[in-house]
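*Asks:* Quick one: structure below, then a few questions.
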Amino acid sequence: LKRETGMTVIAVGLVTAAGQAERILAEGRADMVALGRGAMDDPHWGWHAARELGEEIDYPKIYVRASPRAWPGAGSGKP
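Its first residue numbered 22, the sequence shown is counted upward by one per residue in my numbering.
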(Lines of atoms letter the chains of each structure in order from A and count residues from 1; the text may use other names and numbers.)
(Lines give C-alpha, C1' and ligand atoms only; values in the text may rest on other atoms or scores of the structure.)
Protein backbone atom coordinates (compact mmCIF):
# COMPACT_ATOMS: atom_id res chain seq x y z
CA LEU A 1 0.00 0.00 0.00
CA LYS A 2 2.76 2.43 0.96
CA ARG A 3 4.73 1.79 -2.23
CA GLU A 4 1.67 2.06 -4.47
CA THR A 5 0.15 5.20 -2.96
CA GLY A 6 3.09 7.05 -1.43
CA MET A 7 0.86 7.73 1.57
CA THR A 8 1.98 7.54 5.17
CA VAL A 9 1.08 4.08 6.47
CA ILE A 10 0.48 2.92 10.04
CA ALA A 11 0.71 -0.83 10.68
CA VAL A 12 -1.81 -2.01 13.25
CA GLY A 13 -3.21 -5.38 14.25
CA LEU A 14 -1.49 -8.52 15.48
CA VAL A 15 1.81 -6.75 16.15
CA THR A 16 2.89 -8.64 19.24
CA ALA A 17 6.68 -8.48 19.46
CA ALA A 18 9.31 -5.78 19.37
CA GLY A 19 11.27 -7.54 16.65
CA GLN A 20 8.17 -7.78 14.50
CA ALA A 21 7.49 -4.05 14.84
CA GLU A 22 11.15 -3.28 14.12
CA ARG A 23 11.11 -5.38 10.93
CA ILE A 24 7.95 -3.68 9.66
CA LEU A 25 9.66 -0.31 10.00
CA ALA A 26 13.09 -1.43 8.78
CA GLU A 27 11.62 -3.03 5.65
CA GLY A 28 9.72 0.18 4.87
CA ARG A 29 6.34 -1.55 5.01
CA ALA A 30 5.00 1.17 7.32
CA ASP A 31 6.01 4.54 8.73
CA MET A 32 4.69 3.82 12.19
CA VAL A 33 3.47 0.85 14.21
CA ALA A 34 0.40 1.25 16.41
CA LEU A 35 -0.46 -1.05 19.28
CA GLY A 36 -3.88 -1.81 20.62
CA ARG A 37 -4.42 -5.07 22.45
CA GLY A 38 -0.69 -5.53 23.05
CA ALA A 39 -0.52 -2.28 24.99
CA MET A 40 -3.74 -3.06 26.83
CA ASP A 41 -2.34 -6.46 27.83
CA ASP A 42 1.02 -4.99 28.85
CA PRO A 43 0.96 -1.26 29.63
CA HIS A 44 4.77 -1.30 29.71
CA TRP A 45 5.06 -2.85 26.23
CA GLY A 46 7.26 -0.01 25.03
CA TRP A 47 9.73 -0.44 27.88
CA HIS A 48 9.83 -4.20 27.39
CA ALA A 49 10.30 -3.75 23.63
CA ALA A 50 13.18 -1.33 24.14
CA ARG A 51 14.92 -3.78 26.46
CA GLU A 52 14.33 -6.65 24.00
CA LEU A 53 15.93 -4.57 21.23
CA GLY A 54 18.90 -3.68 23.44
CA GLU A 55 17.95 -0.03 23.84
CA GLU A 56 18.51 1.95 27.02
CA ILE A 57 15.63 4.24 27.90
CA ASP A 58 15.03 6.82 30.58
CA TYR A 59 12.38 5.97 33.11
CA PRO A 60 10.05 8.59 34.55
CA LYS A 61 11.28 9.63 38.00
CA ILE A 62 8.40 7.85 39.72
CA TYR A 63 9.53 4.50 38.20
CA VAL A 64 13.31 4.82 38.64
CA ARG A 65 13.38 2.62 41.76
CA ALA A 66 11.85 -0.23 39.73
CA SER A 67 14.07 0.17 36.65
CA PRO A 68 16.31 -2.75 35.67
CA ARG A 69 19.39 -0.70 36.64
CA ALA A 70 18.08 -0.22 40.19
CA TRP A 71 16.52 -3.64 40.61
CA PRO A 72 17.80 -6.50 38.40
CA GLY A 73 14.50 -8.38 38.74
CA ALA A 74 12.41 -5.54 37.33
CA GLY A 75 10.78 -6.18 34.01
CA SER A 76 11.84 -9.79 33.78
CA GLY A 77 8.51 -10.59 32.20
CA LYS A 78 4.89 -10.84 33.02
CA PRO A 79 3.83 -12.97 36.01
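All C-beta atoms, glycine included, are put in the ideal place defined by N, C-alpha and C.
The structure presented is a predicted model; accordingly, all values stated were derived computationally and were not measured.
Going by DSSP in three states, residue 47 sits in which element: helix, strand or coil?
*Replies:* Residue 47 sits at position 26 when you count from the first residue of the sequence shown. Helix.
*Asks:* For residue 83, write down the residues that DSSP places opposite it in a beta bridge.
*Replies:* Mapped onto the sequence shown, residue 83 falls at position 62. DSSP links residue 83 through a beta bridge to no other residue.
*Asks:* Just to confirm, is the Cβ distance from residue 42 to residue 30 under 7 Å?
*Replies:* Along the sequence shown, one-based indexing puts residue 42 at 21. Along the sequence shown, one-based indexing puts residue 30 at 9. Taking 7 Å as the Cβ cut-off, residue 42 and residue 30 do not qualify as a contacting pair.
*Asks:* Quick test of the definition: if touching needs 3 or more C-beta pairs under 8 Å, does the region 50-65 touch the region 74-81?
*Replies:* Touching, no, given that fewer than three Cβ pairs across the two stretches are closer than 8 Å.
*Asks:* Taking a contact to mean a Cβ-Cβ separation below 7 Å, would you say residue 39 touches residue 74 in this structure?
*Replies:* On the sequence shown, position 18 is the one that residue 39 refers to. On the sequence shown, position 53 is the one that residue 74 refers to. Yes, the Cβ-Cβ distance between residue 39 and residue 74 is below 7 Å.
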